[in-house]
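S.K.: Okay, so the sequence shown: first residue is 425 according to this note's numbering, each after it adds one. Backbone N, C-alpha and C fix where the C-beta goes; we use that ideal spot for every residue, glycine too.
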Amino acid sequence: MRRQKRDMTERAYTHGYQKSVQGKSKELCPYQNKEPRTAWLSGWRSGREDG
Numbered sequence: 425m426r427r428q429k430r431d432m433t434e435r436a437y438t439h440g441y442q443k444s445v446q447g448k449s450k451e452l453c454p455y456q457n458k459e460p461r462t463a464w465l466s467g468w469r470s471g472r473e474d475g
């Protein structure tokens, strides 16, 4: 059985979180569309709080 791909916003959030924990700048967000970009930045902020 094939695994279903995760939602794009979930992936963006996770990537943002990982970049933040690595100490990367939020200016490195690769997304231009509003929804994934918002999720990425949200993940980035969460990573900063946790890191």
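Report back the beta-carbon spacing between K443 and L465 to the nearest angstrom; my notes put them in contact at under 8 Å.
M.R.: In the sequence shown, counting from the first residue as 1, residue 443 sits at position 19. In the sequence shown, counting from the first residue as 1, residue 465 sits at position 41. Not quite, the Cβ-Cβ distance comes to about 10 Å (not below 8 Å), so this is no contact.
S.K.: Nearest-angstrom Cα distance between H439 and G467?
M.R.: Counting from 1 along the sequence shown, the entry for residue 439 is found at position 15. Counting from 1 along the sequence shown, the entry for residue 467 is found at position 43. Spanning the two alpha carbons is a distance of roughly 7 Å.
S.K.: Grouping DSSP H, G and I as helix and E and B as strand, with all else coil, what is S466?
M.R.: Against the sequence shown, residue 466 aligns to sequence position 42. Note: S466 maps to helix in three-state DSSP.
S.K.: Is any heavy atom in the ligand MN found nearer than 8 Å to the beta carbon of G467?
M.R.: Absence of the ligand MN is noted for the structure shown, with no ligands found whatsoever.
S.K.: Output the distance between the C-alpha atoms of D431 and P460, rounded to the nearest integer angstrom.
M.R.: Residue mapping note: residue 431 aligns to position 7 of the sequence shown, counting from 1. Residue mapping note: residue 460 aligns to position 36 of the sequence shown, counting from 1. When rounded, the distance between both Cα atoms is 10 Å.
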